[in-house]
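Numbering follows numbering that gives the first Met the number 0, with no gaps: position 105 of the sequence shown is 104.
Where is the CB? At the ideal position from N, CA and C, for every residue including glycine.
Predicted model only: the values in this text are computed from it and were never measured.
First the structure, in the form of structure tokens, and then the observations on it.
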Amino acid sequence: MNRPLFISLDGPKGTGKTTLLEALTGALRADKRKVVRLCERKSDPFRADTMALVNRQARQPSRALELQVCERLARSRAWISEQVLPRQPVDSIVLIDRWYPSDAAFRRSVSFDEVLRLNIDARVRVPDLHIGVVTAPDLSWARAIARPRGLASTV
């Protein structure tokens, strides 16, 4: 393979994605694998603009604003796909906590298909392996509510 293996862990808040990511990182590194952990939020050069749109959408929900948020996120992921992922060591495994399917699944007025199309059209890299993480709803809710930010989320 002439590029790093790109793996995304996706799923609702509180399912254990980060816990699984940490365990996976530890196991792979113990096996002498080169692991790079990325966070979309920390890699987004447009984060301030993205969050301004997200906050507007939270205060004044509308399909038009939600679509703008989705477009902005797709542009950010395209930038990560073009600028961040190619710079990782070829022999590494790149792990990311969430990618666009989570964004698509939790939209209210923009359909899953539309969000996927936005990301595909923006040439966002598709993970080589996509892991969907789920757990019992009562456990997920309890974990999410127990966090310092509670249920606050920007996906």
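Reduced DSSP category for residue i - H, G, I as helix; E, B as strand; rest coil
{"i": "serine 7", "result": "strand"}
{"i": "serine 91", "result": "strand"}
{"i": "aspartate 96", "result": "strand"}
{"i": "valine 154", "result": "Low confidence applies here, because valine 154 scores a pLDDT of 47, under 50, leaving its location unreliable; read the following figure in that light. Valine 154 falls in the coil class under three-state DSSP."}
Buried versus exposed, by CB contacts within 10 Å (16 or more), residue i
{"i": "aspartate 48", "result": "exposed"}
{"i": "aspartate 43", "result": "buried"}
{"i": "valine 93", "result": "buried"}
{"i": "serine 7", "result": "buried"}
{"i": "alanine 73", "result": "buried"}
{"i": "valine 132", "result": "buried"}
{"i": "serine 75", "result": "buried"}
Residue-level contact to chain D via CB, residue i, 9 Å cutoff
{"i": "cysteine 69", "result": "You won't find chain D in this structure, because it holds only one protein chain."}
Distance between beta carbons of residue j and residue i, contact taken as under 8 Å
{"i": "leucine 117", "j": "glutamate 70", "result": "6 Å"}
{"i": "serine 139", "j": "threonine 18", "result": "Contact flag wrong, Cβ pair sits at about 12 Å."}
{"i": "leucine 84", "j": "arginine 124", "result": "6 Å"}
Every unbroken alpha helix (DSSP H) inside the stretch 9-77 [4 residues or more]: Inside the stretch 9-77, DSSP marks whole alpha helix (DSSP H) runs of 4 or more residues at positions 16-29, 39-42, 46-58, from first to last along the chain.
I'd like to know if the stretch 52-69 and the stretch 23-40 are in contact, where contact means that at least 3 CB-CB pairs between them fall below 8 Å. no
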